[in-house]
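Notes for the one structure printed next.
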Amino acid sequence: MLKISKADLTEKQLAFVQAYAEGCSPGEAALKSGYATREVGYQVVRSPAVQKALHEWRENMINTEGANLAIRTMIALMQPGNPGGVRFQAAKYMLDAAGHGPKDESGHAKELHEMTADELEAAISKLDSALAGKAEAAKPVNARVIEG
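In my numbering, the protein residues as written are 572 to 719.
Written out as structure tokens, the structure is:
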């Protein structure tokens, strides 16, 4: 369900925002929400109230489903079988996003190009340890094999 503040929207605008958020073009959303012509959709999508509602919807999606999907994607990219460079970049992003990236003398995270070879090796080692712990935790305990 679309979660937006409805106070500033007409019923048609709300219907438009819902249709547009579901993937309709502005013209399709206009017709679906009860406007007379497709052309009106390109005006409606630019209205401040509709822009605000779409912004709220996007923020909500990014902070909920988008964030969860991004994390699952990064974890999938870090798995063995993917090229080393892909795994490294995904690992670096995950560590940086969690606040565990290398820090400079002032305590701020370093960018990849600013890291020394030793810092890169330490980051990779830290990630390998973390992944090994996650893999160990994911193993079933006392699991029985059922043949059938």
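Built from N, CA and C at the ideal position, the CB exists for glycine as well.
Being a predicted model, the structure only gives us computed values, none of them experimental.
Residue i in three-state terms, based on DSSP
i, result
"Pro597", "helix"
"Pro619", "helix"
"Ser604", "coil"
"Gly672", "coil"
"Arg609", "coil"
"Leu585", "helix"
"Asp579", "coil"
"Met686", "coil"
"Lys681", "coil"
"Ala714", "Bear in mind that the predicted position of Ala714 carries a pLDDT of just 49, short of 50, making it unreliable; the figure below should be weighed with that in mind. Ala714: coil per DSSP, three-state reduction."
Selected residue, minimal CA-CA separation from residue i, among the options
i, options, result
"Glu517", "Gly672, Arg617 and Gly598", "Within the shown structure, residues of the chain are numbered from 572 to 719, placing residue 517 beyond reach of any answer."
"Lys663", "Ala701, Asn639, Thr635 and Asn631", "Ala701"
"Ser618", "Ala601, Ile633, Asn634 and Asn631", "Ala601"
"Glu593", "Asp579, Met632 and Thr608", "Met632"
"Ala620", "Met645, Glu636 and Gln584", "Gln584"
"Gln614", "Glu690, Phe587 and Ala669", "Phe587"
Per DSSP, the bridge partner or partners of residue i
i, result
"Asn634", "Answer by DSSP bridge pairing: none, since Asn634 is not bridged."
"Asn639", "Looking at the DSSP assignment, Asn639 forms no beta bridge with any residue, so it has no partner."
"Pro651", "Asn653"
Proximity test, residue i beta-carbon vs the ligand GTP heavy atom, cut-off 8 Å
i, result
"Glu582", "Ligands are entirely absent from the displayed structure, and the ligand GTP is therefore not among its contents."
Local Cβ density within 10 Å of residue i, reported as buried at 16 or more and exposed below that
i, result
"Gly655", "exposed"
"Ser696", "exposed"
"Ala624", "buried"
"Gly605", "exposed"
"Gln622", "exposed"
"Val616", "buried"
"Ala590", "buried"
"Gly652", "exposed"
Inter-residue CB distance, residue i and residue j (contact presumed, cutoff 8 Å)
i, j, result
"Leu666", "Ala703", "No, Leu666 and Ala703 are not in contact; Cβ-Cβ is about 15 Å, not under 8 Å."
"Ala661", "Leu648", "4 Å"
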